RNA sequence: CAACCUGUAACUCAAUUGGUAGAGUACCUCACUUUUAAUGAGGGAGUCGUGAGUUCGAGCCUCACCAGGUUGACCA
């Protein structure tokens with residue numbers, strides 16, 4: 014292992030610390046009685062509460078002035094300045110604690126605990142006057158030091174995306190807005206969970222390893238169980254298992270599920286992603302629209318205190334009611350072309366005039382989807398429901414109650430992206446079998462994303478499933494909107510990446 | 001998978017028509033008891049992503065490879 018100069022210096026410092034009899038990685042709990050943010054927020058109001066404080070965190074700045082120094086400590090809530098004077102932390106004859114330990118052997122990034130009282134410096138900064146300083150954990154690698162000068166210019170920012178994603182621990186340490194994004198993501202999920210739990214729906218867990226993958230159109234990851242000597246797939250959706258639970262008699266079930274799709278990676282796609290699926294018995298897709306509108310209005314308000322969220326240049330408003338179009342209406346609205354009565358040949362012609370590229374294999378439903386994707390989706394900024402999807406695109410959705418060839422389905426779009434997909438669940442087992450068989454045909458023709466036929470799921474439906482509506486919400490996509498993040502990698506703590514190249518191994522010495 | 005861009009000190013970036021490798025921060029030494037990008041003085045630090053080629057001479061030109069990014073195609 015080859016070390017940089019700074020890593021060597023820190024290891025030497027560690028050794029000297031231990032030679033001085035100071036424990037660099039003490040075992041004992043360090044009692045903390047307040048947080049940096051609490052001090053900054055409340056010291057002006059109530060100075061007496063901060064005369065005997067104890068805080069812990071990383072040392073992030075050191076400004077040595079001789080016999081006194083200023084430093085900054087960072088805990089999970091923020092930073093605060095420390096005033097460290099020699100004669101306070103080392104009151105006796107032996108000034109080792111200050112002259113040697115603090116000044117020379119402590120580095121930026123070390124975890125320390127301090128006890129003392131809060132005061133204001135003559136420049137007005139709220140500062141902890143340190144009476145006692147304890148090393149809690151020595152850091153052996155230098156953190157990137159992000160500094161902001163008096164003109165507001167940021168120096169040496171830790172911005173390289175690769176390094177940020179690979180070393181998220183460093184990213185979280187030095188970039189407070191990154192920490193905030195993940196706090197927001199967590200709050201968003203909590204808000205959804207509370208909203209659904211409050212209505213009596215049950216949070217459940219279903220298998221990730223599935224012998225038959227289903228519930229979506231996608232290519233799966235494959236794996237193998239040794240004892241069973243059997244192939245398994247990592248789930249691409251949890252839909253079919255959740256509906257089995259509705260068959261089993263639960264009124265409402267939901268799951269925040271990690272799903273896996275063996276497809277391309279991009280700003281909007283990670284091989285593993287989180288989807289929340291909810292199924293509610295005795296409801297239909299129109300009920301679900303009302304429900305989800307209310308839930309997202311709640312989520313936005315919980316996160317931002319308002320239904321409005323700034324996303325890039327757009328101010329997105331989740332206030333009810335959202336715009337609703339059928340797919341045909343939306344195409345008519347945004348292209349001026351009414352395709353509702355067109356057959357496949359007329360559709361192909363219409364697509365050509367709209368400059369939407371098609372290929373020969375596409376059927377009627379797929380062509381409509383292409384026109385929509387090209388001409389309508391990019392224009393959907395505010396939350397919008399699109400309903401009534403072609404039946405060919407929706408093998409698990411119930412047939413439309415009045416329109417031949419359509420289904421009882423909606424997708425919601427926001428900031429030019431689909432964020433959820435829902436339908437009145439197909440509960441006619443005969444129809445479902447035919448839809449699966451149609452999918453098998455597609456698979457035989459080379460469609461790698463075609464669904465498999467799931468006999469056990471059909472058996473469940475044959476026992477009877479009540480009318481049910483279900484929804485899948487892309488949690489990562491929604492988090493991107495709610496946290497104003499341009500890339501999915503910014504809302505995943507550890508986005509998937511190519512394996513890090515090992516450092517060049519030095520030629521073995523013989 | 002395709003096009004384009006990037007790779008120089010621990011970090012952020014320079015380097016003229018191809019001619020001895022530079023700055024700020026960080027690091028090390030010294031001074032300094034209200035600083036805040038602390039300051040002042042001094043010092044060390046680089047296989048220029050890897051490999052080949054052109055050339056008297058390559059950080060710079062050519063080719064291949066590696067890594068990363070951006071955009072596009074498919075999928076949530």
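In our numbering, the protein residues as written are 14 to 523.
For every residue, glycine included, the Cβ atom is placed at its ideal position computed from N, Cα and C.
Everything numeric in this text was worked out from a predicted model, so none of it was measured.
By Cβ distance, which residues of its chain are closer than 8 Å to residue 508, with the 5 residues on each side in sequence left out? 178, 283, 501, 502
Considering only the beta carbon of each residue, do residue 49 and residue 91 sit closer than 7 Å? yes
To the nearest angstrom, how far is the alpha carbon of residue 528 from that of residue 462? With the chain covering 14 to 523 only, the question about residue 528 has no answer from this structure.
Report the three-state DSSP secondary structure of residue 47 (helix, strand or coil). coil
Could you give the DSSP three-state label for residue 88: helix, strand or coil? strand
Which word fits residue 443, buried or exposed, when buried means at least 16 other C-beta atoms lie within 10 angstroms of its C-beta? exposed
For a minimum of 4 consecutive residues, which ranges assigned as the alpha helix (DSSP H) are wholly contained in the region 237-279? 252-260
Starting from residue 465, trace the beta strand (DSSP E) in both directions and tell me its first and last residue. Residue 465 -> no beta strand (DSSP E), and no H or E assigned at all.
Could you say if the region 130-144 and the region 28-46 meet the contact criterion of at least three C-beta pairs nearer than 8 Å? no
Name the DSSP bridge partner or partners of residue 133? 139
Using DSSP's beta-bridge definition, name the partner residues of residue 437. 482
Would you tell me roughly how many angstroms separate the C-alpha atoms of residue 315 and residue 406, rounded to the nearest one? 35 Å
Per DSSP, the bridge partner or partners of residue 395: Answer by DSSP bridge pairing: none, since residue 395 is not bridged.
Identity of the residues DSSP links to residue 147 by a beta bridge: 126
Who are the Cβ neighbours of residue 506 in its own chain at under 8 Å, not counting the five residues just before and after it? 181, 195
Provide the residue(s) that pair with residue 160 in DSSP beta bridges, ordered along the chain. 168
In or out: residue 498 buried (at least 16 other Cβ within 10 Å) or exposed? buried
Rounded straight-line distance, which links the Cα of residue 193 to that of residue 30: 35 Å
Would you call the region 368-379 and the region 390-410 in contact, with 3 or more CB pairs under 8 Å? yes
Name the DSSP bridge partner or partners of residue 192? Answer by DSSP bridge pairing: none, since residue 192 is not bridged.
Buried or exposed for residue 483, going by 16 or more other Cβ atoms inside 10 Å? buried
Just to confirm, is the Cβ distance from residue 139 to residue 75 under 7 Å? no
Contained alpha helix (DSSP H) runs [length at least 4] in the region 64-117, N- to C-terminal order: 99-102
Segment contact, 8 Å Cβ cut-off, at least three pairs: the region 443-453 with the region 337-351: no
What is the DSSP secondary structure of residue 519, counted as helix, strand or coil? Summary for residue 519: the model assigns pLDDT 33, below 50, so the residue's position carries little reliability, and this model does not support an answer.
Chain-order list of residues whose beta-carbon lies under 7 Å from that of residue 333 (same chain, five-residue window excluded): 306, 307, 310
Could you check which residue in 158, 166, 203 has the C-alpha nearest to that of residue 1? A question about residue 1 goes unanswered here, because the residues of the chain that appear run from 14 up to 523.
Go ahead and label residue 128 buried or exposed: buried means 16 or more other beta carbons lie within 10 angstroms of its beta carbon, across all protein chains shown. buried
If you compare alpha carbons, which of 113, 95, 131, 436 is closest to residue 58? 131
Run the CB neighbour count on residue 26, radius 10 Å, all protein chains shown included, and call it buried at 16 or more, exposed below. buried
CA-CA distance, residue 465 and residue 287? 22 Å
Is the separation between the beta-carbon of residue 146 and that of residue 77 shorter than 7 Å? no
Out of curiosity, what's the CA-to-CA distance linking residue 249 and residue 68? 45 Å
How many angstroms separate the CA atom of residue 111 from the CA atom of residue 33? 13 Å
C-beta atoms of residue 558 and residue 152 nearer than 7 Å: Only positions 14 to 523 of the chain appear in this structure, which leaves residue 558 out of reach.
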